Amino acid sequence: MEKRLEDVHVIRDFPEVFLDELPGLPPPRQVEFRIDLIPGVALMARAPYRLAPSEMKELSEQLRELSEKGFIRPSSSPWGAPV
1178 MEKRLEDVHV IRDFPEVFLD ELPGLPPPRQ VEFRIDLIPG VALMARAPYR LAPSEMKELS
1238 EQLRELSEKG FIRPSSSPWG APV
């Protein structure tokens, strides 16, 4: 049985927090974040997630939509998500 967002208790109780459409990127924050890397330590390679064809289709649609809105961009960084 497929679960819908409307069936999730917290989403039903706080609909103003869970918008149907994202209005844009969040405002800049006054916090600077960085990750200190250890020289000479190799990155941990991750294989892409295994997805069913229906999941891959949904992922592709979500990535396309987020890219069109400017929320994400293509990257070949070794730190990228394994999708």
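Just so we're aligned: the sequence shown equals residues 1178 to 1260 in our numbering. Just so it is clear, CB atoms sit at the ideal spot from N, CA and C, and this is done for glycine as well. Every value quoted in this text rests on a predicted model; they were computed, and no experiment measured them.
With H, G and I counted as helix, E and B as strand and the rest as coil, what does DSSP make of residue 1208?
Coil.
Pair every Cβ in the region 1219-1234 with every Cβ in the region 1193-1205, then say whether three or more of these pairs are closer than 8 angstroms.
Flag = no, the region 1219-1234 and the region 1193-1205 do not touch.
Determine the extent of the alpha helix (DSSP H) in which residue 1187 is found, giving its start and end residues.
Note, residue 1187: alpha helix (DSSP H), 1186-1190.
Roughly how many whole angstroms lie between the Cα atoms of residue 1237 and residue 1196?
Those two C-alpha atoms are separated by around 21 angstroms.
Going by DSSP in three states, residue 1244 sits in which element: helix, strand or coil?
The answer is helix: DSSP assigns residue 1244 an H, G or I state.
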